[in-house]
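Mapping of the sequence shown onto the UniProt record's numbering: residues 1 to 276, in sequence order.
No residue lacks a Cβ here, since even glycine has one placed at the ideal position from N, Cα and C.
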Amino acid sequence: MPRDDASPPGLRHTQDLFYALVTGAKGVVHEQRMQEPQLGELQSIIAADERLSAVERLDIYATMYFCRLRDVLREDYPKLRACLGDDAFDDLARAYLSACPPTRASVRDVSEKLPGFIEGSQRGPASAGLSELAALERALIEVFDGPDTRVLELERLRGMSAQDLVTLPLSFVPNHIVLRVDHDVDRLWRAIELGSAESAICEKQTTVLIWRKDLVSCFRAVDALEASALDLALAGETFGGVCAWLSEGRSVDEAARIAHEILGRWVTDALIASGR
1 MPRDDASPPG LRHTQDLFYA LVTGAKGVVH EQRMQEPQLG ELQSIIAADE RLSAVERLDI
61 YATMYFCRLR DVLREDYPKL RACLGDDAFD DLARAYLSAC PPTRASVRDV SEKLPGFIEG
121 SQRGPASAGL SELAALERAL IEVFDGPDTR VLELERLRGM SAQDLVTLPL SFVPNHIVLR
181 VDHDVDRLWR AIELGSAESA ICEKQTTVLI WRKDLVSCFR AVDALEASAL DLALAGETFG
241 GVCAWLSEGR SVDEAARIAH EILGRWVTDA LIASGR
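The structure is reproduced here in structure tokens:
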């Protein structure tokens with residue numbers, strides 16, 4: 001049966017109207033005008049008193065809603081915020097939350113689409129560099145929440161025979177991300193920490209390795225040689241296979257030295273799963 005116009009709105013209808021009014025990008029007053037057919041219901045949903053009207057009371061919730069989610073974005077993207085400045089970051093947060101409102105109850109995923117939003121809504125090298133900086137910050141969150149895995153320890157590596165090393169599978173821990181970007185985000189990150197980010201965005205194809213070691217999210221840029229070795233390892237190549245690839249155009253001793261340096265770095269960084 002259709003609802004009697006004189007009866008109070010149902011719970012779902014009330015929730016939908018409340019959400020639309022509170023989360024509107026341009027504020028409660030603007031959203032109230034957009035909800036014109038339902039305005040007569042507002043007073044029956046939100047009680048006014050001698051101090052505040054229904055709209056004013058809703059506006060308090062709207063301010064709290066934005067501030068809470070903005071604070072989540074600030075916490076997730078401290079380097080991006082430092083690079084942009086507070087006012088520009090807050091403008092970005094408001095535009096982002098309007099275009100990509102949360103779809104889950106947890107605030108953990110509120111910021112997950114921000115790198116793509118920056119990339120899609122702005123143009124030019126500076127904005128591209130900022131979207132890649134945001135992608136790096138998001139990746140640090142992702143690896144921190146990854147599963148725990150037993151890693152290959154340096155002591156065990158040193159005790160392996162030559163044959164064991166040749167057949168060693170280079171299985172990376174699941175809580176790692178390889179980020180390939182067109183700007184030197186590593187340099188930009190360091191410049192932000194030194195307070196000189198204004199002219200630090202420069203075009204440079206960069207491979208960034210992000211992972212968690214113990215309870216700390218880490219990252220570093222890798223050079224072209226290590227990046228190629230990384231691709232081989234992630235494709236399922238053994239340590240012996242990486243050594244064979246490195247021996248092309250190099251002496252056996254030099255290839256072995258480089259391969260051991262790379263493997264030692266990965267093991268020290270707690271990137272290789274133990275396999276047992």
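Who are the near neighbours of residue i in its chain, counting only those whose CB is closer than 6 Å to its CB and skipping five residues on each side?
i	result
Ala-82	Ile-192
Leu-246	Ala-255, Ile-258, Ala-259
Ser-111	Leu-73, Asp-76
Trp-266	Ile-272
Gln-15	none
Asp-253	none
Among the candidates the options, whose CA atom is the shortest distance from the CA of residue i?
i	options	result
Leu-232	Ser-171, Ile-210, Ala-105, Asp-109	Ser-171
Thr-149	Arg-265, Leu-157, Asn-175	Asn-175
Ile-244	Leu-11, Lys-113, Thr-167	For the sequence presented, residue 244 should be read as Ala rather than Ile. Ala-244 has its Cα closest to that of Thr-167, out of Leu-11, Lys-113, Thr-167.
Gln-163	Gly-240, Val-252, Asp-109, Val-208	Gly-240
Ala-221	Thr-207, Phe-144, Asp-87	Thr-207
Ala-105	Tyr-65, Phe-144, Arg-190, Ala-197	Tyr-65
Phe-144	Arg-250, Asp-214, Leu-234, Gly-249	Asp-214
Asp-109	Asp-86, Ala-88, Arg-138, Asp-87	Arg-138
Leu-165	Asp-87, Gly-264, Asp-86, Gly-120	Gly-264
Phe-89	Ala-224, Thr-63, Ile-118	Ile-118
Pro-78	Arg-57, Gly-195, Thr-63	Gly-195
Which word fits residue i, buried or exposed, when buried means at least 16 other C-beta atoms lie within 10 angstroms of its C-beta?
i	result
Pro-101	exposed
Arg-156	exposed
Thr-103	exposed
Leu-80	buried
Thr-268	exposed
Leu-11	exposed
Ala-93	buried
Val-242	buried
Pro-115	buried
Leu-133	buried
Arg-190	exposed
Ala-197	buried
Pro-37	Residue confidence for Pro-37 is low, a pLDDT of 47 falling below 50, so the modelled location carries little weight and cannot support an answer.
For residue i, which residues from the same chain have a beta carbon less than 7 Å from its beta carbon, with the 5 sequence-adjacent residues on both sides left out?
i	result
Ile-262	Glu-226, Ala-229
Leu-271	Phe-172, Val-173, His-176, Trp-211
Ser-274	Arg-150, Val-151, Leu-152
Leu-140	Ile-210, Ser-217, Phe-219
Pro-169	Thr-238, Gly-275
Gly-146	Pro-174, Asn-175, Arg-212
Arg-180	Thr-207
Arg-51	none
Gln-205	Asp-182
Gly-236	none
I believe residue i touches residue j by the beta-carbon criterion, under 8 Å. Please report the beta-carbon distance rounded to the nearest angstrom.
i	j	result
Leu-136	Val-178	At roughly 12 Å, the Cβ-Cβ gap does not stay under 8 Å, so Leu-136 and Val-178 are not in contact.
What does a CB cutoff of less than 8 Å around residue i pick up in its chain, not counting 5 residues either side in sequence?
i	result
Val-107	Arg-68, Leu-69, Val-72
Leu-84	Leu-92, Leu-130
Lys-113	Tyr-96, Cys-100
Leu-154	Gly-264, Val-267, Thr-268
Met-160	Leu-168
Using a Cβ-Cβ distance under 8 Å, would residue i count as near chain E?
i	result
Leu-209	Of the protein chains in the structure, only one exists, and it is not chain E.
Report the residue ranges of all alpha helix (DSSP H) runs contained in full by the UniProt domain "Putative DNA-binding" (44 to 118); include only those spanning at least 4 residues, in chain order. 54 to 76, 78 to 84, 86 to 99
Along the chain, which unbroken stretches of the beta strand (DSSP E) at least 3 residues long are found entirely within the region 131 to 169? none
Please list the segments of the beta strand (DSSP E) lying wholly inside the region 216 to 268, counting only runs of 3 or more residues, in order along the chain. 216 to 222
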